[in-house]
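Here the protein sequences line up with chains A and B, keeping their order.
Last residue of the first sequence: 119 in the numbering used here, with the numbers rising by one and none dropped.
Last residue of the second sequence: 446 in the numbering used here, with the numbers rising by one and none dropped.
Note that beta-carbon positions come from the ideal geometry of N, C-alpha and C, so glycine has one too.
Predicted, not measured: the structure shown is a model, and the values here were computed from it.
To keep things clear, I will list the structure first and then write my remarks on it.
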Amino acid sequence: EPEVTQTPSHQVTQMGQEVILRCVPISNHLYFYWYRQILGQKVEFLVSFYNNEISEKSEIFDDQFSVERPDGSNFTLKIRSTKLEDSAMYFCASSRGFIDTGELFFGEGSRLTVL
Amino acid sequence: ELKVEQNPLFLSMQEGKNYTIYCNYSTTSDRLYWYRQDPGKSLESLFVLLSNGAVKQEGRLMASLDTKARLSTLHITAAVHDLSATYFCAVAPHITQGGSEKLVFGKGMKLTVNP
Numbered sequence: 005e006p007e008v009t010q011t012p013s014h015q016v017t018q019m020g021q022e023v024i025l026r027c028v029p030i031s032n033h034l035y036f037y038w039y040r041q042i043l044g045q046k047v048e049f050l051v052s053f054y055n056n057e058i059s060e061k062s063e064i065f066d067d068q069f070s071v072e073r074p075d076g077s078n079f080t081l082k083i084r085s086t087k088l089e090d091s092a093m094y095f096c097a098s099s100r101g102f103i104d105t106g107e108l109f110f111g112e113g114s115r116l117t118v119l
Numbered sequence: 332e333l334k335v336e337q338n339p340l341f342l343s344m345q346e347g348k349n350y351t352i353y354c355n356y357s358t359t360s361d362r363l364y365w366y367r368q369d370p371g372k373s374l375e376s377l378f379v380l381l382s383n384g385a386v387k388q389e390g391r392l393m394a395s396l397d398t399k400a401r402l403s404t405l406h407i408t409a410a411v412h413d414l415s416a417t418y419f420c421a422v423a424p425h426i427t428q429g430g431s432e433k434l435v436f437g438k439g440m441k442l443t444v445n446p
C-alpha cells in the first residue's frame with residue numbers, strides 16, 4: 005500500500021541552526037502538507053502546497069520556514085534558524101484533494117529537538 | 332475561522348463499556364475525518380464522513396456526521412484495551428468559503444481502556 009515517507013525520524017539540532025525535513029508523498033497525490041504537533045498537543049497546520057506553489061500557510065509559517073518540491077518526488081520543509089519552540093513532531097501529509105475524499109495520509113513524522 | 336472542539340479530552344473507561352465522544356465545529360462543512368494516534372506514532376485514518384447523515388462503522392467504533400448541528404460522534408462499543416489511543420477529529424473548511432484543501436484538527440481525546 006502506498007505510504008508517505010519522512011526522513012529523518014529524529015533530528016537534534018542547536019538553536020540557530022538550519023534544518024531540512026524531507027518527505028516523499030504518495031505518488032498520485034496532488035496536495036502536500038506540513039503539520040506539526042508539540043508534545044501532547046493538537047496537530048497544527050503549517051502549510052499546504054499545490055501545483056508547485058504554496059496554496060495556504062498558517063501564522064506559524066513565518067519567514068523562517070520554507071517549503072520546496074525540488075524534484076518530482078521529494079517535498080521538503082526548511083527551518084532557517086531554529087528556535088527552542090520549534091521542537092515538535094513534524095508530519096508530512098498528502099492527499100488527492102477534494103476531487104476525491106480529501107483524506108490526508110500522514111507520514112510517520114520527524115521529531116525535531118532544538119537545544 | 333474554523334474551530335474544532337472535542338469533548339471529552341480525556342476518558343478512562345473499563346473494558347466492555349460503551350461511550351460516545353463528540354466533535355463540534357464552528358463553520359459550515361460537510362467533510363469530517365477521524366484519526367487515531369498511538370503514543371509517538373503517526374495519525375491513522377479511521378473514518379471519512381462526506382455528507383450529512385453519514386454513518387461509518389469499523390469494528391467497535393462507529394462514527395456519524397450531522398452537518399446541520401455541526402456535530403460528529405464517535406461511539407465506542409464494548410471497549411477493549413487495544414482501543415487505548417488519542418482520537419482526533421478533523422474538519423475541512425467549506426470549499427465555497429475559499430478554504431484550501433487543508434484539515435483543521437481538534438485537540439484530540441486521549442482514551443484509556445482499563446482491563
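**OP:** Answer with yes or no whether the minimum CB distance from residue 63 of chain A to chain B is below 8 Å.
**Re:** At a cut-off of 8 Å between beta carbons, residue 63 of chain A makes no contact with chain B.
Original post:
Going along the stretch 40-60 of chain A in order, which residues come within less than 8 Å of chain B, judged by CB to CB distance?
Top reply: The stretch 40-60 of chain A vs chain B, Cβ under 8 Å: 45, 46, 47, 48, 49, 52, 54, 59 and 60.
**OP:** Using only alpha-carbon positions, find the residue among A:9, A:42 and A:33 that is nearest to residue 53 of chain A.
**Re:** Ranked by Cα distance from residue 53 of chain A, the options A:9, A:42 and A:33 are led by A:33.
**OP:** Enumerate in chain order the residues of its own chain whose CB-to-CB distance from residue 433 of chain B is below 8 Å, with the five nearest sequence positions on each side excluded.
**Re:** These residues qualify, in order along the chain: 423 and 424.
Original post:
Is the number of C-beta pairs between the stretch 27-44 of chain A and the stretch 334-352 of chain B that are closer than 8 Å three or more?
Top reply: The stretch 27-44 of chain A vs the stretch 334-352 of chain B: no contact.
Original post:
Looking only at its own chain, which residues have a Cβ that is under 7 Å from the Cβ of residue 106 of chain A, when we skip the five neighbours before and after it?
Top reply: 99, listed in sequence order.
Subject >> Contacts around residue 335 of chain B, its chain only, beta-carbon distance under 6 Å, and the 5 residues preceding and following it disregarded >> reply: So the list reads 356, 422, 435 and 437, once near-sequence residues are dropped.
Subject >> As assigned by DSSP and simplified to three states, the class of residue 369 of chain B >> reply: Residue state, collapsed to three classes: coil.
Original post:
Near residue 81 of chain A, which residues of its chain fall below 6 Å by C-beta distance, leaving aside the five closest residues on each side in sequence?
Top reply: Same-chain partners within the cutoff: 25, 38 and 71.
**OP:** Report the partner residues of residue 445 of chain B according to the DSSP bridge assignment.
**Re:** Per DSSP, the beta-bridge partners of residue 445 of chain B are B:345.
Subject >> residue 344 of chain B versus B:413, B:390, B:370 and B:358, residue with shortest Cα-Cα distance >> reply: Looking at the Cα atoms, B:413 is the closest of the given residues.
Original post:
Tell me which same chain residues have a C-beta within less than 8 Å of the C-beta of residue 383 of chain B, skipping the five on either side of it?
Top reply: So the qualifying residues of the chain are 361, 396, 397, 398 and 399.
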